[in-house]
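Here the sequence shown is numbered in the working numbering, starting from 209 and rising by one per residue. All residues carry an ideal CB built from backbone N, CA and C; glycine is no exception. Notes follow once the structure below has been shown.
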Amino acid sequence: MTNAIQATQDALGLAILANGVDPNPRVGCVVVDSAGTLLGQGHTQPVGGPHAEIMALRDAATRGHPVAGATAYVTLEPCSHQGRTGPCCDALIAAGIRKVVASIADPNPLVAGQGFERLRAAGVEVEVGAGAAEARELNIGFFSRMVRKAPWVRLKTAMSLDGRTALANGISQWITGEAARTDGHAWRARAGAILTGVGTILEDDPRLDVRLVETSRQPPLVVIDSRLQTAPAARIFMPGRAVWIYAAKIDEAKAAALRSKGATVDCLPNAQGKVDLPAVLADLARREVNELHVEAGHKLNGSLMREGLVDELLVYMAPKFIGEGLGIASQPMAGGPLTDLAGATALDFISVDRLGPDLRIVARVAGRDVF
Numbered sequence: 209m210t211n212a213i214q215a216t217q218d219a220l221g222l223a224i225l226a227n228g229v230d231p232n233p234r235v236g237c238v239v240v241d242s243a244g245t246l247l248g249q250g251h252t253q254p255v256g257g258p259h260a261e262i263m264a265l266r267d268a269a270t271r272g273h274p275v276a277g278a279t280a281y282v283t284l285e286p287c288s289h290q291g292r293t294g295p296c297c298d299a300l301i302a303a304g305i306r307k308v309v310a311s312i313a314d315p316n317p318l319v320a321g322q323g324f325e326r327l328r329a330a331g332v333e334v335e336v337g338a339g340a341a342e343a344r345e346l347n348i349g350f351f352s353r354m355v356r357k358a359p360w361v362r363l364k365t366a367m368s369l370d371g372r373t374a375l376a377n378g379i380s381q382w383i384t385g386e387a388a389r390t391d392g393h394a395w396r397a398r399a400g401a402i403l404t405g406v407g408t409i410l411e412d413d414p415r416l417d418v419r420l421v422e423t424s425r426q427p428p429l430v431v432i433d434s435r436l437q438t439a440p441a442a443r444i445f446m447p448g449r450a451v452w453i454y455a456a457k458i459d460e461a462k463a464a465a466l467r468s469k470g471a472t473v474d475c476l477p478n479a480q481g482k483v484d485l486p487a488v489l490a491d492l493a494r495r496e497v498n499e500l501h502v503e504a505g506h507k508l509n510g511s512l513m514r515e516g517l518v519d520e521l522l523v524y525m526a527p528k529f530i531g532e533g534l535g536i537a538s539q540p541m542a543g544g545p546l547t548d549l550a551g552a553t554a555l556d557f558i559s560v561d562r563l564g565p566d567l568r569i570v571a572r573v574a575g576r577d578v579f
């Protein structure tokens with residue numbers, strides 16, 4: 209038998225499984241009867257597929273369990289609009305669900321309480337709030353895109369204990385161990401897109417795809433390339449993966465060669481003749497990217513940090529001491545080098561975990577998630 213607290217936790221556990229569903233939020237749903245017996249459960253499927261509520265109702269039908277009079281525990285307000293799929297609140301009503309316990313309201317302006325209103329108007333009892341903090345955290349990128357009109361920017365780096373991300377000659381493979389590298393691919397897999405700079409493309413010719421964990425799709429790759437130096441033969445171009453390149457000036461011959469490889473090339477210059485990074489984030493939000501996973505070199509990292517565009521740091525720290533070498537960022541902060549520690553960027557440690565011999569640290573810019 210399942211009580212209300214356990215049902216909410218089970219729904220949150222299902223939501224965690226909903227990776228790679230961007231631009232949709234990660235949602236889980238559990239349906240139980242009045243005695244607490246599980247009738248059906250499910251989580252949101254990849255874009256274009258059923259949402260969590262529909263999956264739970266289908267699961268109940270497959271099990272042969274009628275759901276009339278049952279309670280649905282769902283981690284986000286059921287949608288009320290026709291998008292790629294139909295309104296989930298209507299499906300719950302049609303199924304005869306008596307009560308909906310939702311963790312949090314949907315920040316999407318197309319929903320934003322309307323799902324709850326439609327349920328109540330149909331006589332369905334609605335409770336809101338159980339598991340709200342966990343549900344919001346699972347969908348920090350979705351909330352960011354809906355409220356701030358920009359994706360949640362997570363900058364990943366691997367470093368030694370003395371803060372070096374590479375040797376002085378640029379060599380960085382491998383600072384951390386296999387467990388940390390595998391975990392890094394899991395974070396790539398959950399992202400709406402992966403961002404890097406042309407410097408990384410030219411120096412390392414990486415694939416920057418998801419290989420070490422299972423995934424239903426390869427996240428689009430975003431390349432900041434002011435002068436379109438990316439070679440059409442670069443390994444980033446692969447079947448089924450979108451590549452979006454942002455330049456500061458368009459050379460039509462170079463752009464045509466990149467487009468022939470399937471890339472989308474856009475020009476977003478700033479006043480300094482570089483790529484306008486805030487404009488890139490706004491455009492990525494328009495492309496429905498919730499979480500932006502950054503794996504770039506120290507120059508682009510520094511620019512993102514200097515402009516205050518990084519929300520969270522994903523740091524893998526190895527028990528090694530390198531000495532002279534490169535760091536996470538090379539650009540000075542706004543206004544030049546700090547002369548007072550009070551001007552340092554304040555961070556909150558979200559988690560610190562051991563992965564093999566290494567540490568994984570998730571640190572968030574203080575107050576950045578208040579939106």
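Which of helix, strand or coil DSSP assigns to residue i
{"i": "Cys287", "result": "coil"}
{"i": "Glu422", "result": "coil"}
{"i": "Pro447", "result": "coil"}
{"i": "Pro477", "result": "strand"}
{"i": "Lys364", "result": "strand"}
{"i": "Leu508", "result": "helix"}
{"i": "Glu515", "result": "coil"}
{"i": "Val560", "result": "strand"}
{"i": "Asp218", "result": "helix"}
{"i": "Arg495", "result": "coil"}
{"i": "Leu521", "result": "strand"}
{"i": "Glu261", "result": "helix"}
{"i": "Arg356", "result": "helix"}
{"i": "Glu325", "result": "helix"}
{"i": "Ile458", "result": "coil"}
{"i": "Leu300", "result": "helix"}
{"i": "Val502", "result": "strand"}
{"i": "Gly405", "result": "strand"}
{"i": "Thr472", "result": "strand"}
{"i": "Asp417", "result": "coil"}
{"i": "Asp548", "result": "coil"}
Where residue i falls, given that 16 or more other Cβ within 10 Å makes a residue buried
{"i": "Ile348", "result": "buried"}
{"i": "Asp561", "result": "exposed"}
{"i": "Lys457", "result": "exposed"}
{"i": "Val235", "result": "buried"}
{"i": "Phe557", "result": "exposed"}
{"i": "Trp452", "result": "buried"}
{"i": "Ile379", "result": "exposed"}
{"i": "Thr210", "result": "buried"}
{"i": "Asn509", "result": "buried"}
{"i": "Arg667", "result": "In the structure as shown, the chain starts at 209 and stops at 579, and residue 667 therefore has no counterpart that could be examined."}
C-beta contact flag for residue i and residue j at 8 Å
{"i": "Val229", "j": "Gln249", "result": "no"}
{"i": "His259", "j": "Arg396", "result": "no"}
{"i": "Ala264", "j": "Asp241", "result": "no"}
{"i": "Val336", "j": "Ala310", "result": "yes"}
{"i": "Gly533", "j": "Arg372", "result": "yes"}
{"i": "Val255", "j": "Asn232", "result": "yes"}
{"i": "Ile402", "j": "Leu416", "result": "yes"}
{"i": "Met525", "j": "Asp491", "result": "no"}
{"i": "Leu512", "j": "Leu363", "result": "yes"}
{"i": "Gly448", "j": "Gln426", "result": "yes"}
{"i": "Glu515", "j": "Pro486", "result": "yes"}
{"i": "Ile224", "j": "Leu346", "result": "yes"}
{"i": "Val308", "j": "Leu327", "result": "yes"}
{"i": "Cys237", "j": "Val275", "result": "no"}
{"i": "Val473", "j": "Ala455", "result": "yes"}
{"i": "Ala581", "j": "Thr404", "result": "The question about residue 581 has no answer, for the chain in this structure spans 209 to 579."}
{"i": "Ala338", "j": "Thr245", "result": "no"}
{"i": "Val355", "j": "Pro295", "result": "no"}
Opposing strand residues paired with residue i [DSSP bridges]
{"i": "Thr384", "result": "BP columns for Thr384 are empty, so no partner."}
{"i": "Ala280", "result": "Val239, Val308"}
{"i": "Gln249", "result": "Val238"}
{"i": "Leu534", "result": "Ala374"}
{"i": "Ala571", "result": "Leu521, Phe557"}
{"i": "Ala526", "result": "Ser368"}
{"i": "Val430", "result": "Leu403, Trp452"}
{"i": "Val255", "result": "According to DSSP, Val255 bridges with nothing at all."}
Whole-Å CB distance - residue i paired with residue j, under 8 Å assumed
{"i": "Ala313", "j": "Ala302", "result": "That pair is no contact at about 22 Å."}
{"i": "Val332", "j": "Ile305", "result": "6 Å"}
{"i": "Pro359", "j": "Ala493", "result": "6 Å"}
{"i": "Ala463", "j": "Leu436", "result": "6 Å"}
{"i": "Pro414", "j": "Thr423", "result": "Rounded, the Cβ-Cβ distance is 17 Å, inconsistent with contact."}
{"i": "Arg271", "j": "Leu247", "result": "7 Å"}
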